[in-house]
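S.K.: Right, I'll just put the structure down here and ask away after.
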Amino acid sequence: MSENWCTPKPKLTERPLLDTENAEGLSETFKILSNGTRLRILHTLLRTPNASVSEVAEQLEMKPQAISNQLQRLIDKDIVRSIREGNFIRYRIVDNCVVSLLDRGWCLTEDLPK
């Protein structure tokens, strides 16, 4: 599987109306991303590509098992990939569309009135 880069798409105003199937897929993506721990993991992996579970856990001050469980959800959605290096398993973001969503979402959050 190669890295997933956002391919050029028509503007949202030029696309056909969102159908039920695509709406459900979009909803599932947002559900995966609507978890604070997973968002923190993604930001950690963006800042420290190829980090191990223990490295992510240390940075987030969480237990490795909790990180591992949330990483599996991101792997299942093809957002993150695991790579074996000897005895270590390292993780990296492979869907850069998610990086854009994280960036835009954080921007929006910071710009909202408090």
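In terms of UniProt numbering, the sequence shown is residues 1 to 114. Glycine residues also receive a C-beta, built at the ideal position from the N, C-alpha and C atoms.
Could you spell out where the beta strand (DSSP E) holding Ser82 opens and where it closes?
M.R.: On the sequence shown, residue 82 is found 82 positions in, with the first residue counted as 1. From DSSP, the beta strand (DSSP E) with Ser82 extends over Val80 to Glu85.
S.K.: With 16 as the cutoff for other CB atoms within 10 Å, does Gln70 come out buried or exposed?
M.R.: What you label residue 70 is simply residue 70 of the sequence shown in a count that begins at 1. Counting of Cβ neighbours within 10 angstroms places Gln70 among the buried residues, the total reaching 16 or more.
S.K.: Pick out whichever of Leu74, Asp76 and Tyr91 has its Cα sitting closest to the Cα of Ser82.
M.R.: For the purposes of this step, residue 82 is identified with residue 82 of the sequence shown, where counting begins at 1. Out of Leu74, Asp76 and Tyr91, Tyr91 has the C-alpha closest to the C-alpha of Ser82.
S.K.: Comparing C-alpha positions only, which one of Thr48, Ile67 and Asn22 sits nearest to Ala57?
M.R.: Residue mapping note: residue 57 aligns to position 57 of the sequence shown, counting from 1. Residue Ile67 is the option with its Cα nearest to Ala57.
S.K.: Just the C-alpha distance for Ile79 and Ser100, rounded to the nearest angstrom, thanks.
M.R.: Taking the sequence shown and counting its residues from 1, one reaches residue 79 at position 79. Taking the sequence shown and counting its residues from 1, one reaches residue 100 at position 100. The alpha-carbon atoms of Ile79 and Ser100 are separated by roughly 12 angstroms.
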